[in-house]
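Sequential numbering of the sequence shown, starting at 0, is according to numbering that gives the first Met the number 0.
Backbone N, C-alpha and C define an ideal beta-carbon position, used for all residues, glycine too.
Data first, discussion second: the structure below is written as C-alpha cells.
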Amino acid sequence: MKRQTQSLMLLILGGALLNISAFSGTYVNYVKPGFRPLIIGAGVVLVGLALVALVRQWRDPSEHGHEHGHSHGPRVAWLLAVPVFAIVLVAPPALGSFAAGSEDDAPAPRPPTPVAYRQLSGGVPELALGEFIGRAYDPAGTSLAGRQVRLTGFVVPSKKKNRWYVTRMQISCCAADALALKVAVQGVPAPRENSWVQVTGEWIPWKGKIPNGYVIPDMSATDVTKIDQPVEPYE
0 MKRQTQSLML
10 LILGGALLNI
20 SAFSGTYVNY
30 VKPGFRPLII
40 GAGVVLVGLA
50 LVALVRQWRD
60 PSEHGHEHGH
70 SHGPRVAWLL
80 AVPVFAIVLV
90 APPALGSFAA
100 GSEDDAPAPR
110 PPTPVAYRQL
120 SGGVPELALG
130 EFIGRAYDPA
140 GTSLAGRQVR
150 LTGFVVPSKK
160 KNRWYVTRMQ
170 ISCCAADALA
180 LKVAVQGVPA
190 PRENSWVQVT
200 GEWIPWKGKI
210 PNGYVIPDMS
220 ATDVTKIDQP
230 VEPYE
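As C-alpha cells, then:
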C-alpha cells in the first residue's frame, strides 16, 4: 500500500469518526455518551496526520517518485481498509433483538444487589428496565406492588405463548460488553420484532419468595405504544 493511499485511508477513517460523533449522534450505537470527546479527539488527530502527510507528499514529489522504485507491499495490507469502508458505507445500527437473543433460557445476569429505592411518584412513572428489575427483587417487595409503571425498550419474541419481552441493552463501556435486560410482557399481543415500544402495566409478583437465581420478571400490560428508537438506545 502506497504512502499516499495510507494517508487517504487515515483521512477517511478520521472523517468517519468525526461524522458519527461531531456531526451526528450515531456514536451512541457503539459506546456510552461520555466517550464523545475522545472519539472527536481521535478523529481530529487522524485527519490532522493525514493532511500533514498529504501536504508533505505534494511539496516533495521526489518522495513520491522514490516510492515507485520499490516493490509494493503485500496485497493483504488492503484488508486493513475493510473496517474503514465498513464504518463509512455500512454503519452498524444499535444492538437489537438478535443480540438480545430470543431463547427463554439464555444466560441471564445475577440477581440485582438490593438497594434503597425512592418512593414512586404519583401517576404512571417511567422506569428504566434495570430499575424495574431491581425493584422486583427488592426484599421489601412493596415498591412495585399494585403500581402502574411505564417501560421503554425493543420487542424480543418468546417461545412461550401469550408473552414477549420488552428489552433494553445495558452497557458498561461499549456495545461489546452489552447485557440484555428483559421484562416478560403478558396481556397484549406482541408488536413487530425489534420495534421500539413503551409498555404500561403492573409487575406480576413472584409466586412465593424471591427467586435465589435470576428469573426474568413479568408484567401485565394494559397499553403498548410504538415509538422511534431513543437517541440513547442503551441503559
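| Asked | Found |
| --- | --- |
| Grouping DSSP H, G and I as helix and E and B as strand, with all else coil, what is isoleucine 215? | coil |
| Considering only DSSP beta bridges, list what arginine 162 is partnered with. | Gln185 |
| Quick check on the burial criterion: 16 or more other C-beta atoms within 10 angstroms. Buried or exposed for serine 70? | Any reading at serine 70 is ruled out, since the residue's pLDDT is 44, under 50, leaving its predicted position unreliable. |
| From leucine 12 to tyrosine 26, what does the alpha carbon distance come to, in whole angstroms? | 14 Å |
| Distance, Cα to Cα, glycine 24 vs valine 230? | 8 Å |
| Is it the case that the Cβ atoms of alanine 175 and methionine 168 are separated by a distance below 7 Å? | no |
| What span of residues does the beta strand (DSSP E) with isoleucine 203 cover, start to end? | 195-203 |
| Once you ignore the five residues that flank glycine 200 on each side, which residues in its own chain have a CB closer than 6 Å to its CB? | Met218, Ser219, Ala220 and Thr221 |
| So for glutamine 147, helix, strand or coil by DSSP? | strand |
| Taking the DSSP output, what are the residues bridged to threonine 4? | DSSP output for threonine 4 lists no bridge partner at all. |
| Helix, strand or coil: how does DSSP classify proline 156 here? | strand |
| Using the Cβ count rule (16 or more neighbours within 10 Å means buried), how would you classify isoleucine 226? | exposed |
| Once you ignore the five residues that flank glutamate 130 on each side, which residues in its own chain have a CB closer than 8 Å to its CB? | Tyr116 |
| Please work out which residues of its chain come closer than 8 Å, Cβ to Cβ, to arginine 191, disregarding the five sequence neighbours upstream and downstream, and give them in chain order. | Val154 |
| Excluding the five sequence neighbours on either side, which residues of its own chain have a C-beta within less than 8 Å of the C-beta of glycine 68, listed in chain order? | With a pLDDT of 49 at glycine 68, under the threshold of 50, the modelled position of this residue cannot be trusted; read the value that follows with caution. Excluding residues within five positions, none has a Cβ falling inside 8 Å. |
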